[in-house]
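Here full-length UniProt numbering is used: position 193 in the sequence shown is 193, and no number is missing along the way. Where is the CB? At the ideal position from N, CA and C, for every residue including glycine. For clarity, every value in this text was computed on a predicted model and none was experimentally measured. Data first, discussion second: the structure below is written as structure tokens.
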Amino acid sequence: MLELEHGFRVVDVYARLTPDGGPEERRRPHLSPEQLEREMHQAGITRSIVFPPAKGETSYLAPNNGVARRSVDRPFVAFARINGTHRPDRTATGRLHNAVSRRKDHHTSPEDVERYAYDDRFHGFVLDPTVDDYPDDDVLAVLEDVGLPLIVRGGVDAPPAVLADTLLGRSFPVIVAHFGGHPLDRTLKHEMIDLLEEYDDCYVETSFVRYRDLLERAVLEHPDRVLFGSGAPACHPDVAVMEILTLDVSEDLLWRVFSKNACRVIDALAPSASRYR
1 MLELEHGFRV VDVYARLTPD GGPEERRRPH LSPEQLEREM HQAGITRSIV
51 FPPAKGETSY LAPNNGVARR SVDRPFVAFA RINGTHRPDR TATGRLHNAV
101 SRRKDHHTSP EDVERYAYDD RFHGFVLDPT VDDYPDDDVL AVLEDVGLPL
151 IVRGGVDAPP AVLADTLLGR SFPVIVAHFG GHPLDRTLKH EMIDLLEEYD
201 DCYVETSFVR YRDLLERAVL EHPDRVLFGS GAPACHPDVA VMEILTLDVS
251 EDLLWRVFSK NACRVIDALA PSASRYR
């Protein structure tokens with residue numbers, strides 16, 4: 001695609017980077033670090049949050065370290081993917097699961113969270129509860145202690161109301177990916193926008209939000225809570241940038257979505273944090 005011409009500084013809070021490219025990853029969109037960096041440059045994106053894909057029932061230690069290594073000397077900011085053992089308490093099945101579940105070797109421990117938080121290669125965390133369940137109380141307590149942002153993927157199996165019960169309202173910022181739902185699920189996305197009124201340290205990111213009215217509603221009603229995400233490599237970052245550029249909102253609001261909001265939440269994205277501007 002042609003290199004985009006626009007006058008905004010754009011930072012991206014949602015890009016997947018596969019560190020090994022193993023056989024199981026060839027079934028999903030995959031870019032090498034060099035290819036991802038090139039596509040980001042074409043789209044005018046100056047910094048990108050990157051993290052490994054969710055796999056389930058596996059330790060994320062090696063994939064996280066692989067992403068961190070491949071972020072060196074690139075305009076990438078590594079987030080560590082975490083997993084958990086708990087499920088929502090809203091059903092008897094969930095309560096029974098939580099009563100008998102125990103952390104295994106592949107689950108993220110409180111000590112893992114501390115190591116990631118004080119390792120200057122990582123600047124936050126990523127969780128997909130639809131694949132990896134939710135952290136237990138001990139892990140959540142350490143997440144609150146370190147205070148780094150958490151990006152969480154929502155959906156039918158992790159709707160906004162459940163995210164509110166389990167993660168929102170704590171002492172760390174939560175960025176809900178895709179407005180909290182599948183690209184075509186308008187109901188969940190509207191519910192997530194509604195929750196922004198209630199939770200001050202909750203944000204939404206824009207990847208795979210294909211409805212203009214939803215994007216404009218969130219930007220106009222909550223101008224400080226919407227962060228740009230490309231969804232690369234599943235979505236070309238050029239496309240994601242253009243979807244925001246074509247919104248019927250002011251230039252000031254575009255600046256907030258593209259960079260100001262994210263830089264306020266994630267220090268490593270600020271221009272002063274790196275040679276990448």
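Handout entry: Supposed close pair Thr189, Leu163 - CB separation, criterion 8 angstroms
Key = Position 189 of the sequence shown, counted from the start, is the residue given in the question as residue 189. Position 163 of the sequence shown, counted from the start, is the residue given in the question as residue 163. The question names Thr, yet the displayed sequence has Lys at residue 189. About 13 angstroms; that fails the 8 angstroms criterion.
Handout entry: With 16 other Cβ atoms within 10 Å as the buried cut-off, status of Thr187
Key = Here the question's residue 187 lines up with position 187 in the sequence shown. Exposed: under 16 other Cβ atoms inside 10 Å.
Exercise for the section: Assign Thr46 to one of two classes, buried (16 or more other C-beta atoms within 10 Å of its C-beta) or exposed (fewer than that). Expected result: Along the sequence shown, one-based indexing puts residue 46 at 46. Counting Cβ neighbours within 10 Å, Thr46 comes out buried, since at least 16 surround it.
Practice task
Determine the closest residue to Arg16 out of Arg210, Ala78 and Val72, with distance taken between C-alpha atoms.
Solution key: Working through the sequence shown from its first residue, we reach residue 16 at position 16. Arg16 has its Cα closest to that of Ala78, out of Arg210, Ala78 and Val72.
Handout entry: Selected residue, minimal CA-CA separation from Val226, among Pro237, Asp194 and Arg95
Key = Here the question's residue 226 lines up with position 226 in the sequence shown. Measuring from the Cα of Val226, the nearest candidate turns out to be Asp194.
Problem - Residues sharing a beta bridge with Val146, DSSP - result: To locate residue 146, count along the sequence shown from 1; it is residue 146. For Val146, which the question treats as bridged, DSSP gives no partner whatsoever.
Problem - Beta-carbon spacing of Pro110, Gly66 below 7 angstroms - result: If you number the sequence shown from 1, residue 110 lands on position 110. If you number the sequence shown from 1, residue 66 lands on position 66. Contact flag unset, no.
Handout entry: Spatial distance of Tyr14 from Arg95 (CA atoms)
Key = Counting from one through the sequence shown, the residue named residue 14 turns up at place 14. Counting from one through the sequence shown, the residue named residue 95 turns up at place 95. Tyr14 and Arg95: Cα-Cα distance of roughly 32 angstroms.
Handout entry: DSSP beta-bridge partners of residue 279
Key = The chain is shown only over 1 to 277; residue 279 falls outside these bounds and no answer can be derived.
Practice task
Please state whether DSSP places Leu247 in a helix, a strand or coil.
Solution key: Counting from one through the sequence shown, the residue named residue 247 turns up at place 247. The answer is coil: DSSP assigns Leu247 none of H, G, I, E or B.
Handout entry: Member of Ile266, His106 and Pro237 whose CA lies at the smallest distance from the CA of Gln42
Key = Taking the sequence shown and counting its residues from 1, the one referred to as residue 42 is at position 42. Nearest C-alpha to Gln42: Pro237.
Practice task
Specify, as a first and last residue, the run of the beta strand (DSSP E) that Leu127 falls within.
Solution key: For the purposes of this step, residue 127 is identified with residue 127 of the sequence shown, where counting begins at 1. Here the beta strand (DSSP E) through Leu127 covers Phe122 to Leu127.
Exercise for the section: Specify the secondary structure class of Ala270 as computed by DSSP and reduced to three states. Expected result: Here residue 270 refers to the residue found at position 270 of the sequence shown. Ala270: coil per DSSP, three-state reduction.
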